[in-house]
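Peer 1: Structure provided below as structure tokens; questions to follow.
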Amino acid sequence: MEIEEEYCNTELCLGIGREPTSKRNSEQISSLQINFKEVDQKERKPSIKGGGGEENKPVSIRKKLRLSTEQSEFLENAYRAHATLTQDEKLELAEELNLSPRQVEVWFQNRRSRTKFKQMKMEREYLKKLCESLTEENQRLKREMLELLMLVKCWQKNTQEE
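Its first residue numbered 5, the sequence shown is counted upward by one per residue in my numbering.
Next comes the structure, spelled out in structure tokens:
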């Protein structure tokens, strides 16, 4: 017994107009059909030809900006003077360094983020050490309290015997 394979249409279709079962069957129904396979292939970026099965990975068009040491030093000095920039300062720095204002803005945002991260890391280390010292102090006080309680019990026992 042969099993017939059914054809399953999975295309996306957008219909504009009335339903075919409506009273006005004479109205024209417009529809739009999109073949996603074709759209995906047209929008796919060129791929890197290389080994390791990387043929299908899209190439990133944006390149990471590498600042020169002079640009980095100049931005660092500007950051030390003011951690946040006004619009005029940003434009002036961008012009002096031959960068876009957006690049200067992003550099300052990243620098503030790194500074905040380092500060939080230092605070975390300080609080960790403080917690450890308080824990040690707490344990020392508990031992001292137990010793005092034992001394009191011994003293009470000795006074009752006498």
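Virtual Cβ for every residue (Gly too), placed ideally from N, Cα, C. As the structure is a prediction and not an experimental result, all values here were calculated from the model.
By how many angstroms is the C-alpha of Gln164 removed from the C-alpha of Leu155?
Peer 2: The count along the sequence shown starts at 1 and reaches residue 155 at position 151. The count along the sequence shown starts at 1 and reaches residue 164 at position 160. When rounded, the distance between both Cα atoms is 14 angstroms.
Peer 1: Between the Cα of Glu77 and those of Trp111, Asn142 and Asp92, spot the shortest distance and give me the residue it belongs to.
Peer 2: Here residue 77 refers to the residue found at position 73 of the sequence shown. When only C-alpha atoms are compared, the closest one is Trp111.
Peer 1: Please give the ranges of any alpha helix (DSSP H) in the stretch 64-95, keeping only runs that are unbroken, at least 4 residues long and fully inside the region.
Peer 2: Correct list: 73-85.
Peer 1: Given this structure, state the Cα-to-Cα distance separating Cys158 from Leu134, to the nearest angstrom.
Peer 2: Translated into positions along the sequence shown, residue 158 becomes position 154. Translated into positions along the sequence shown, residue 134 becomes position 130. Between Cys158 and Leu134, the C-alpha separation is close to 36 angstroms.
Peer 1: Is it right to say Ala87 is buried, meaning 16 or more other beta carbons lie within 10 angstroms of its own, or is it exposed?
Peer 2: In the sequence shown, counting from the first residue as 1, residue 87 sits at position 83. Exposed, because fewer than 16 other Cβ atoms sit within 10 Å of the Cβ of Ala87.
Peer 1: Buried or exposed, going by whether 16 or more other CB atoms sit within 10 Å of the CB of Leu103?
Peer 2: Counted from its first residue, the sequence shown places residue 103 at position 99. Its Cβ being crowded by 16 or more others within 10 Å, Leu103 is buried.
Peer 1: CB of Leu89 to nearest heavy atom of the ligand ATP: below 6 angstroms?
Peer 2: You won't find the ligand ATP in this model; it holds no ligand whatsoever.
Peer 1: Distance, Cα to Cα, Arg144 vs Lys161?
Peer 2: Along the sequence shown, one-based indexing puts residue 144 at 140. Along the sequence shown, one-based indexing puts residue 161 at 157. Straight-line Cα distance between these residues: approximately 26 angstroms.
Peer 1: Please confirm whether Ala98 has its beta-carbon closer than 7 angstroms to some beta-carbon of chain D.
Peer 2: Absence of chain D from the displayed structure is noted, only one protein chain being present.
Peer 1: Would you mind sorting Gln94 into buried or exposed? The rule is 16 or more other CB atoms within 10 Å of its CB.
Peer 2: The residue given as residue 94 occupies position 90 in the sequence shown. It should be noted that the sequence gives Lys, not Gln, for residue 94. Classification of Lys94: buried, given that the 10 Å Cβ count is 16 or more.
Peer 1: Got a sec, what are the start and stop residues for the alpha helix (DSSP H) Asn162 sits in?
Peer 2: Reading the sequence shown from its first residue, position 158 is the one you call residue 162. Note, Asn162: alpha helix (DSSP H), Pro105 to Glu165.
Peer 1: Once you ignore the five residues that flank Leu89 on each side, which residues in its own chain have a CB closer than 8 angstroms to its CB?
Peer 2: Against the sequence shown, residue 89 aligns to sequence position 85. Closer than 8 angstroms at Cβ, skipping near neighbours: Ala82, Leu97, Val108, Glu109 and Phe112.
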